[in-house]
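Okay, so the sequence shown: first residue is 855 according to our numbering, each after it adds one.
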Amino acid sequence: MSRGKFSNLSLADDPKMVIKSNRCNRCYLATLLISCLLFLAVGIVIGYFVSNNTKLDDNQANPASGLGSQPSVEEAIRKIINRLDKSKIKENLRLFASETRMSGTQGGNELVHLLEKSWKEAGIDSVKTTPYDVLMSYPNDTNPNKIQLISGNTVLFESATAEKALDADSNKKTIVAPFNAFASAGVAEGDLVYINYGRIEDFMYLTKNLSMDLTGKILIARYGKIFRGSKVENAQKHNASGIVMYTDPSDFNMAGEATYPNSWWMPETGVQRGTVGPDGDFLTPFYPAKDYAYRKAEKDIEEFRIPAQPISYGDAEKFLRELSGVEAPPDWRGKLNITYRIGTGFSNSSLKAKLIVNNFEEVRTIYNVIGYIKGSVEPDRYILLGNHYDAWVFGSIDPLSGTAALTEIIHSLGDMLKQGIRPKRTIVFCSWGAEEHGLFGSTEWVEEYMKVLYERAIAYLNVDYACDYNYVLTAGTSPLLQDTLYETTKLIANPDKKSSYKTLYDIWNKRAPGDNGEPSVYYSLGSGSDMATFYQRAGVPSIDMWFTYNSDKWPILSYPVYHSAYETVNLYERYIDPDYTYNLAMAQLWSGMAWKLANDDLLKFDVRRYSTAITQFVSKLESQFSNSWQAQNVNIEALKSAAQNLTDSANKFQTYVKSASIKNAIDYRIINDKMIQFERAFIDPEGLPERRIYKHVIFAPSKYDSYSDNDFPGIVDTMSEIENNKAGDKWEQLKQQVSIATFTIQSAANTLDDVGL
């Protein structure tokens, strides 16, 4: 039968044909359904055997990701680091450090716009600025701060109100006069007393060994050893009327060396600026400084009540040379060409010191710049890279060497996106405002997003600055990030081209060897930069890293021109990192760590490093305090038992992780989440005694120096008060802190168990 003969025939014209057709359709559908079910069954069986034989492999694609065409983690890292261009980093630094960049000023706001524009041009998913209205502190331009040497109404000497111009940059009119932010405005007049570094032990020497009453005295202290704000706080507690701080050559210079601009050493006219305030906005403690926030009245702020001012060591010498009294102990003597004496007062009894501070505070808007690359598989898990952009003056080292590197990283990862290469987890780029005034930008942002960060943040990678000298890597880290750090440095070329060592790991291990044949790291992050609020309050595993000088060769306390007007591009390119090789190495390390954390199916968090550290800390407490604790019935046995339980749980968990088979993406998520939340287990919502802002029970800034951490800070600070201040009423507080530490360690052990309840 030809098609043409029946071309006009409808199936409806023959009932038998309609019935036959319906039967055929049902048979066809049944056959199709059975075939689909067979294919599905075969797929399930294949998937079962594939997944049942899938071991934890850092570089394999996540089974649920659908990103099989993506490069391996290591291949992607090599693409990123090969794309990074040190000439672009150089361009960035020259642009960023071409003006002064203090937050709340025209130069600071200009840099916000430059960063926002550059990051958007890089092609990452999104960029935004986050404003906060915070209380800021500035010097009075028309009535600058000073300290005078007077006799009656006659001014015999007055400290410089500006640093001498030694290059083209340090001659700019936008340079902010030397000051200590948040030092109280006021005038103090009286006898001068030398207080060494202004530490607790220095004050104890004067008040107890020398029976000196410091009430109403103006103190002069050298910078270093502890946070400058702690020096002011100690002076207040001893009823001093004011304090002056300077950079002694013994701590920031090498004797007999040429100074800037003929070397990197601080000249006698250089002054270190810096805040003396605490972390976060004064007016909105614990909560973000948004427009809707409740604010304390400025009159109710009582942190600092005495004037404070930094001066150069050239000016300091003029005052110290005239001091009377006993000679200072040998370890109090610096490298000025004088006989160091303590005072009280001057050898000429008619002389007095007069300190004049005219700082002012006002609420100004500061900005963070935040960029995002959304993860393809776990967009709700975050790796954060942070650096601040604000500087006291030009900030070619601190912080803009880091800002230049971060911006180039963003352009490199933007190029990866254009090639179709996207991280599995979200990467967040953070450029913080007003870090120098007191970690304002990062603190307010963490406070705003605390609930989300507490649940979802995997790691925060901080680079306050990339390089202050071209010698060795330094890293302070959570124990959980130590292995990722080591693995990434093995992928980075040694930046010292004169050395035979091939990788950054090799040269680091050679120049800074630590325990167990690994490079040295430290766990006490302190609160000297923006990782503080992430680590101390949100419990996010954090790291802070930079390249620095050989401290064995130069036993100084900081790079010499720290926070001065001489921290310029000229200094950076002549003496710090002339060809930007070390800055490039930091960009490679920083981005490599971020990519590993954003893409490793299984995070390289070895919880045994934490348990080992805690066991050592408990042993240290026992060796130091066992006798006095036993006499006071302090329960150290329970603390030791909890530490042992944590060790057992950590070993069991790590054994399980190494031998586990992965059945699906949920298995990765379960293991990773346990490791992420492990750091949070050490966060106490109630905070430390008298310092609720710090909540990490194992690591937190010392009560007497926020730059450095104590292990078990609640315990150690309380014992310090008992021993140094004879505070017998603190024993009950100590017992409570030991109990809290015991509970916290046991809770951390529980988080590693299968169920944990």
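Virtual Cβ for every residue (Gly too), placed ideally from N, Cα, C.
The structure displayed is predicted, hence computed values, not measured ones.
Tell me whether the beta-carbon of residue i lies closer than 8 Å to the beta-carbon of residue j.
i	j	result
W1444	L1254	no
N1578	I1054	yes
V1317	A1259	yes
F1200	L1046	yes
G961	V1415	no
Q1442	I1029	no
K1208	E1043	yes
A1603	L1475	no
V1461	Q1508	yes
V1247	S1480	no
I1281	I1237	yes
Y1413	D1322	yes
V1609	V1488	no
L989	L1137	yes
D1244	R955	yes
E1017	T1129	no
F1214	Y986	no
S1166	A1037	no
I978	L1267	yes
A1386	L1293	yes
T1422	L1493	no
T1061	N1222	no
In the DSSP output, what is residue i paired with across the bridge?
i	result
Q1002	E1012 and K1208
M990	E1216
P985	Y1221
R1534	DSSP output for R1534 lists no bridge partner at all.
Y1051	Note: Y1051 sits in no beta bridge, so no partner.
Q1163	V1098
M1613	For residue 1613 there is no data in the structure shown, the boundaries of the chain being 855 and 1611.
I1072	L1046 and G1096
L1315	L1239 and I1397
G1179	G1197
E1232	R1279
S980	Y1226
I1542	Before going further, note that residue 1542 is Leu rather than Ile in the sequence given. BP columns for L1542 point to R1545.
Y1376	G1330
I1524	Paired residue(s): none; I1524 is not in a bridge.
V1041	I1210
F1553	D1565
Just tell me which of the options has its CA closest to the CA of residue i.
i	options	result
M957	Y1325, N1604, S1285 and S1038	In the sequence under discussion, the amino acid at residue 957 is Ser, which differs from the Met named in the question. The shortest Cα separation from S957 among Y1325, N1604, S1285 and S1038 belongs to S1285.
F1283	R1218, H1242, R1310 and S1513	H1242
T1351	N1324, G1368, V1415 and W1118	Checking the displayed sequence, the identity of residue 1351 turns out to be Lys instead of Thr. Among N1324, G1368, V1415 and W1118, the Cα nearest to that of K1351 is on N1324.
T996	T983, G977 and A1031	A1031
G1382	L938, L1451, G1134 and I978	G1134
N946	K971, V927 and I931	K971
A1496	I1397, Q1470 and M1529	Q1470
K1071	A1162, Y1146 and L1542	A1162
M1399	L1271, G1330, I1537 and F1536	G1330
D1102	F1158, K1172, P1139 and E1152	K1172
Q1531	D1607, T1572 and A1519	D1607
T1193	K1206, L1177 and S1203	L1177
L1542	K1528, R1534 and K1557	K1557
E842	D1571, S941 and A1386	No statement about residue 842 is possible, as the shown extent of the chain runs from 855 to 1611 and does not include it.
R1218	I1264, N1202, S1166 and G1295	G1295
P1395	D1527, E1421 and W1118	D1527
A1022	L1425, F1033 and R932	L1425
S941	D1252, F1081 and A1439	A1439
G1040	I1001, L1020 and T1069	I1001
R1082	P1164, K1305, S1574 and S1065	P1164
Y1436	L949, I1397 and A1347	A1347
I1468	D1369, N1063 and A1504	A1504
S1104	Y1340, L1411, A1485 and E1216	L1411
P1183	N1050, S1065, Y1376 and S1515	N1050
V1326	Y1319, A1366, M1304 and L1307	A1366
N1191	G1179, K1206 and G1168	G1168
G1256	R1076, K1189, L1068 and L969	L969
At a threshold of 7 Å, does residue i count as lining the ligand SAH (C-beta to nearest heavy atom)?
i	result
L1611	You won't find the ligand SAH in this model; it holds no ligand whatsoever.
**Request:** May I ask you to verify whether the segment 1403-1414 touches the segment 1331-1342, counting CB pairs closer than 8 Å and requiring at least 3?
**Result:** no
**Message:** To test your reading of the DSSP string, which unbroken alpha helix (DSSP H) runs of 4 or more residues are found completely within the segment 1244-1300?
**Reply:** 1254-1272 and 1289-1292
**Message:** Does the structure place the segment 1356-1366 close enough to the segment 1455-1468 that three or more beta carbon pairs sit under 8 Å?
**Reply:** no
**Prompt:** Between the segment 1087-1099 and the segment 1110-1117, do at least 3 Cβ pairs fall closer than 8 Å?
**Reply:** With a cut-off of 8 Å, the segment 1110-1117 and the segment 1087-1099 do not count as touching, because too few Cβ pairs lie within range.
**Request:** Answer yes if the segment 1291-1302 comes into contact with the segment 1141-1150, meaning at least three C-beta pairs across the two stretches below 8 Å, and no otherwise.
**Result:** yes
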